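Chains as they are written, first to last, in my numbering: chain A, 4 to 346; chain B, 4 to 346; chain C, 4 to 346; chain D, 4 to 346. Every residue, glycine too, gets a C-beta built ideally from N, C-alpha and C. Since the model is a prediction, treat every value here as computed from it, not as a measurement.
There are 4 protein chains.
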Amino acid sequence: MIKVGIIGGTGYTGVELLRILATHPHVELEVITSRAEAGTAVSAMFPSLRRFVNLDFVAPDDAGLEKCDVIFSATPNGVAMTYARRLLQAGVRMIDIAADFRLKDPEQWAKWYGMEHQCPDLLQQAVYGLPEVNRGEIKKARLVANPGCYPTSITLALLPLLEASLVDGTDLIADAKSGVSGAGRAAKVGNLFAEVAESFKAYAVSGHRHGPEIEQTLSTLAGEAVAVTFVPHLVPMIRGIHSTVYALPRQQIEDIQGLYEKRYADEPFVDVMPAGSHPETRSVRVSNTCRIAVHHPESRGRIVVLAVIDNLVKGAAGQAIQNMNLMFNLDEDSGLATPATLP
Amino acid sequence: MIKVGIIGGTGYTGVELLRILATHPHVELEVITSRAEAGTAVSAMFPSLRRFVNLDFVAPDDAGLEKCDVIFSATPNGVAMTYARRLLQAGVRMIDIAADFRLKDPEQWAKWYGMEHQCPDLLQQAVYGLPEVNRGEIKKARLVANPGCYPTSITLALLPLLEASLVDGTDLIADAKSGVSGAGRAAKVGNLFAEVAESFKAYAVSGHRHGPEIEQTLSTLAGEAVAVTFVPHLVPMIRGIHSTVYALPRQQIEDIQGLYEKRYADEPFVDVMPAGSHPETRSVRVSNTCRIAVHHPESRGRIVVLAVIDNLVKGAAGQAIQNMNLMFNLDEDSGLATPATLP
Amino acid sequence: MIKVGIIGGTGYTGVELLRILATHPHVELEVITSRAEAGTAVSAMFPSLRRFVNLDFVAPDDAGLEKCDVIFSATPNGVAMTYARRLLQAGVRMIDIAADFRLKDPEQWAKWYGMEHQCPDLLQQAVYGLPEVNRGEIKKARLVANPGCYPTSITLALLPLLEASLVDGTDLIADAKSGVSGAGRAAKVGNLFAEVAESFKAYAVSGHRHGPEIEQTLSTLAGEAVAVTFVPHLVPMIRGIHSTVYALPRQQIEDIQGLYEKRYADEPFVDVMPAGSHPETRSVRVSNTCRIAVHHPESRGRIVVLAVIDNLVKGAAGQAIQNMNLMFNLDEDSGLATPATLP
Amino acid sequence: MIKVGIIGGTGYTGVELLRILATHPHVELEVITSRAEAGTAVSAMFPSLRRFVNLDFVAPDDAGLEKCDVIFSATPNGVAMTYARRLLQAGVRMIDIAADFRLKDPEQWAKWYGMEHQCPDLLQQAVYGLPEVNRGEIKKARLVANPGCYPTSITLALLPLLEASLVDGTDLIADAKSGVSGAGRAAKVGNLFAEVAESFKAYAVSGHRHGPEIEQTLSTLAGEAVAVTFVPHLVPMIRGIHSTVYALPRQQIEDIQGLYEKRYADEPFVDVMPAGSHPETRSVRVSNTCRIAVHHPESRGRIVVLAVIDNLVKGAAGQAIQNMNLMFNLDEDSGLATPATLP
């Protein structure tokens, strides 16, 4: 059994990690930290976990994290980097579900996250944990940067086109829509039920932290610098991301459906829908699957790709566990082989 | 492996059965019928099941249901009784998730369901599938009447008090609230999103089919005729039932919390919450658990019991599978041992 | 034109007051205070009011509240009582939408609101602002205590029965359900969208501040002490309260429908629905109406009364304006004569 | 008083028309037709209108529509054209809120609406009822084609840029999101609460009827053929449309904010938000306003325009009444001068 620890388990990513790990056949949950909730039973905060998780939250300092085989960090940005060096030196592998190790350029990181990076050398060592792109490296990684939720869906939507150099990379448009759990469990007026229910809005049009992350990955895939106009929106639902991506073909593309099906044929968690489909976010709710449909409306220039994920699973906790499975040579879908819940 | 068939799998109970059975370790899904959808792939109708269920719907007549070990009937009321005798004679066990075999009195049944019962003799043979009451009989049953969603939550809420004759059975009040999936997947104006979202209402105050079912079970438990004022309400959410039950004690009750904890100590799917709790329906969402909290507000006469279930799981498909597990001597929680999904 | 001021206008009651007053034909909005938002334009915080409200929030000390004819206090509990004496002495009338003047007994008040009352003498002078009960007194009042949202719906539901001494007042049950806006606009984890959407729960079963307020009014109406088992619940919707009230008749009641219709025949904001109705909260959304249906299910003892209001209108801002209209001899429905918005 | 009739008043546009007209100061509601509901009281179907609308639905043949000054048609597509000639000949003005008179080309109309047009000559005579474009013609019109909900928001979003020839018209992208009431009140499985709540999806990517309508108007504004990639999405909320529009400037644009503010300075129902804003659909809920924000993210090519409307008001019934006000020389905002309802 793999000994697992979690840093910062009181948010939505934390409880989702706990939910999946609780029935993972190869994992023993050792420790979960929370400075604010030290001493509280996990199941007192999250009654959904009664009879499944018997741990109490402990203060980070008393946690004995070094005894674990792997640590998931599910904290706000800027915390994982204060633990990383110590844990890696102790031989513990680390998967950061926040953004501390996603960008390669420390100056970019400082600009977007508003603080200096504490271990810029580790930025280079960290592997970007998108298995559909980096499976081989993830298997050998000691430090994995779990991708953001928007970047996961947008990258998977564009990957086949960019790898094959079929579209113009200088004018990509990603219109993305997320459920409210993506905003986290912090007490903010803007995320109150009475503020966001029965309403819809865009946000951060002038620039969102996931923008440089998306462009970094897509540029690597394309082999040249790409530019993405990325506009995130808030949907009055708890879970789910729907990315609608618009790309201009450089040339006539013969079998775009076949291109996607072929590229993802062996991927356990990417499902290319039949031509003409409109995937719903609920078709992936509480599952680690990304479903994709690709459209090329007659007589129009733009290819339209629709990609849906559950932001807390493939967009956070589930993908982190997929990465753990790879790092420890387990079946890639171990603990994750369950259908979505619908309705 | 147990060979399972499903009659009428295009509703919410059907897709929930499929979801749970798809990963049940001791089950092989053989056949699923739908007259209207014969020939359609299950996963075309429910993309959430892609890669998990590879069956097509078949017309009932071609289904070969007799080759199964057990049939779940997830049809509208009045259909299961047209299959029951034939299947039982063929040695197939049957679990009806609709209401055909819930009431013992055929006249009552005809009154509430608006048609004559076609096999009143089987009403006597059928076992009411509430394991917390009838576990022993369920294990031996060939025909199980799976309880209604409201009756499940209300019976579990009152059971310890009635078994111990501690409350007045002539003036019980059950104020119950259900998510909209309880109304089924039929196309009705009243269940449109724009009709039920951002609204709340009671319905069927003059009488609901679950009323006689509740009174039948509670009267048996109490050993005398009980009367329940039962008012169901519709909540703008998909899943979940919350029953708030009011009972007047016949006498001073010393340790009502202990009474509940003791009664349910060995029950795998009933969780008595700590004193003072207010269980949320989300704490049981997509799980087979019923969580109960019992209150006796100071200086007031009424005991208040709060009970929550997922209407599609413990209130329908999950309880049906719990019954199947009992009938086939499997672990009672086989396929059902997963935590609720929160948020 | 009546000069109106608002103390504490940044919550949901505040914005609802502003919305209604903005088109009220006899009102001039003079000033609105907020210590935290002083200097902010009202329409910057609430873009829905752009072009309708041109005021900025001002600090209370600079507000010149004494120049107004009437002040609405839409602050948290405990604030209005610090302004009341000064304003009343300056000849300004006051309508407190919070709870400072609702209870007559200062000890009860201190117990439930956790602080000493600062002007217990004014508790006696204050008129409880439920026009259907106290219309005459409200017209003459200088200080009005606007009722709570739950008490408004529950009192209107029971009033005809209690006035006529037709039911047992010692075992009343009020099972009430409220939308989330009733919890206010404060940043609390418990009111986040991802916490309350797709879920339902009871709260404060052991005792809620509106309990003594309900019993105070009902006891006066009944002419004897009544006891109400009051259980509030949280509904995943923004606006609306649905109270389901259970009362045991003392005797055969011949024409309960006629009793309600007669009692409320002249009330502009109480609508007795036809016999057999189930009022939906959306039928009163964004309106000042309370709709009531009364049921007496055959062969059962309990009368069941269903009452719906919009908690922010008849349960708060609308009723406050109805009270203002009465205090200033305007048409009682001035500014309030608009239908509910459906869907 | 203007005598008003409504054809087909049982849908969401119908009830919204009734809600606004009920308090319109210059209107008398004469008649409302429904073949299926003839004889039913309007307020029995829509209790929100009790005390405000006292009409019964009547069969179209008995309706005496010719006695009205103006008829609103709120039927499914294809019905208004069967009434138009007769009503116009009788001197009645007509506002069709469905699509019968929106497209100028009868072949296009037949292609997208699946039937032959019955009075192609009237297509030329009909005025497209977008006051911000056609105010002068609407004032003189006898037959107005009320615009679609998506076209209203997308046209208002792009109008200033296209009129000034500032953007490339051959690669416009309109990613639009609508609440569920836009799908109407028909009983369809796809619009059930349990199907669309907690989910998000695109639809009709291969082509939507509003596409040619959008391109027709935008081409006229631009003075050249434009091409729009239009992708509609379904949001789990009742009301509201949010259109996110992406346009590529042909040249450096100096003061894009000023361009929008100037263009809409005199428009009573278009509100240009301050630079950097993100309008929420709730900021226009139940109001006739369109709020627009224009962004040009630094160092990126695309201009991003955000436009929100209430699909049932500015996107249907409200705009129809705005058109009626213009046609009858009333104040343009008569009956419509109310703030949005928030929360």
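- With a beta-carbon spacing of about 5 Å, D:Glu216 and D:Arg105 fall inside the 8 Å limit used to define contacts.
- Per DSSP, the beta bridge partners of B:Thr36 are B:Ile10, B:Val61.
- Close CB contacts of C:Ser222 within its chain, under the 7 Å cut and outside five residues either way in sequence, are with Ala228, Val229 (chain order).
- Measuring C-alpha to C-alpha distances from D:Arg188 to each of D:Glu31, D:Ile5, D:Gly17 identifies D:Gly17 as the nearest.
- If only complete runs of 4 or more residues are kept, the stretch 110-174 of chain C shows the alpha helix (DSSP H) at 123-128, 134-143, 152-166, in order along the chain.
- Contact of D:Gly214 with chain A is not assigned, every C-beta pair being separated by 7 Å or more.
- Taking C-beta atoms as the reference points, B:Ala207 and B:Pro235 count as a pair closer than 7 Å.
- Here C:Lys180 is buried: its Cβ has 16 or more other Cβ atoms, across all protein chains shown, within 10 Å.
- When C-beta distances to chain A are compared with 7 Å, the residues of the stretch 190-217 of chain C below that value are Ala190, Lys191, Val192, Asn194, Leu195, Phe196, Ala197, Val199, Ala200, Glu201, in chain order.
- With contact defined as three or more Cβ pairs closer than 8 Å, the stretch 19-31 of chain D and the stretch 328-338 of chain D are in contact.
- C:Pro282 and B:Ser168 have their C-alpha atoms spaced approximately 37 Å apart.
- Look at A:Ile100 here: in three-state DSSP terms it is coil, with no helix or strand label.
- Check the Cα spacing between C:Pro342 and each of C:Ala323, C:Asn328, C:Asp274, C:Asn326: the tightest is with C:Asp274.
- Checking the DSSP bridge columns, you'll see A:Ala310 partnered with A:Ser246, A:Ile295.
- CA-to-CA, the gap between C:Leu315 and A:Asn332 works out to about 57 Å.
- Shown here, A:Val73 sits in a strand according to DSSP, grouped into three states.
- Nearest neighbour of A:Gly321 by Cα position, chosen from A:Gly11, A:Leu165, A:Thr13, A:Arg22, turns out to be A:Arg22.
- DSSP, read as helix, strand or coil, puts A:Leu195 in strand.
- When the Cα atoms are used, C:Arg54 and A:Arg212 turn out to be separated by approximately 34 Å.
- Residues of chain C whose Cβ lies closer than 8 Å to the Cβ of D:Val18 are, in chain order, Leu345, Pro346.
- Listed along chain B are Phe196, Ala197, Ala200, Glu201, each with a C-beta nearer than 8 Å to that of D:Ile241.
- For B:Met276, the closest C-alpha among the options A:Ile5, A:Phe49, A:Trp115, A:Arg253 is that of A:Phe49.
- Separation of D:Tyr249 and D:Val308 (C-alpha to C-alpha, rounded to the nearest whole angstrom) is 7 Å.
- Residue state for B:Pro215 is assigned as helix, using DSSP reduced to three classes.
- Identification of residues in the stretch 305-326 of chain C having a C-beta nearer than 9 Å to some C-beta of chain B yields Arg305, Val307, Leu309, Val311, given in sequence order.
- Boundaries of the alpha helix (DSSP H) harbouring C:Val45: 45-48, taken from the DSSP string.
- The three-state reading of DSSP puts A:Glu31 in strand, counting E and B together.
- Leaving aside the five residues that flank A:Val73 on each side, the residues in its chain whose CB is nearer than 8 Å to its CB run, in chain order, Ile5, Lys6, Val7, Gly8, Val95, Arg96, Met97, Ile98, Met327, Met330, Phe331.
- Taking CB atoms only, D:Ser184 has a neighbour in chain B less than 7 Å away.
- Under the Cβ criterion (8 Å, minimum of three pairs), the stretch 80-94 of chain B counts as touching the stretch 114-121 of chain B.
- Taking a Cβ-Cβ threshold of 9 Å, the residues of chain A close to B:Thr26 are Ala340, Thr341, Pro342, in chain order.
- Rounded to whole angstroms, the gap between the alpha carbons of D:Ala148 and C:Thr232 is 57 Å.
- With a cutoff of 7 Å on beta-carbon distance, C:Gly318 and C:Cys152 are scored as near each other.
- Contact between C:Leu224 and C:Glu166 holds: CB atoms are separated by about 6 Å, below the 8 Å threshold.
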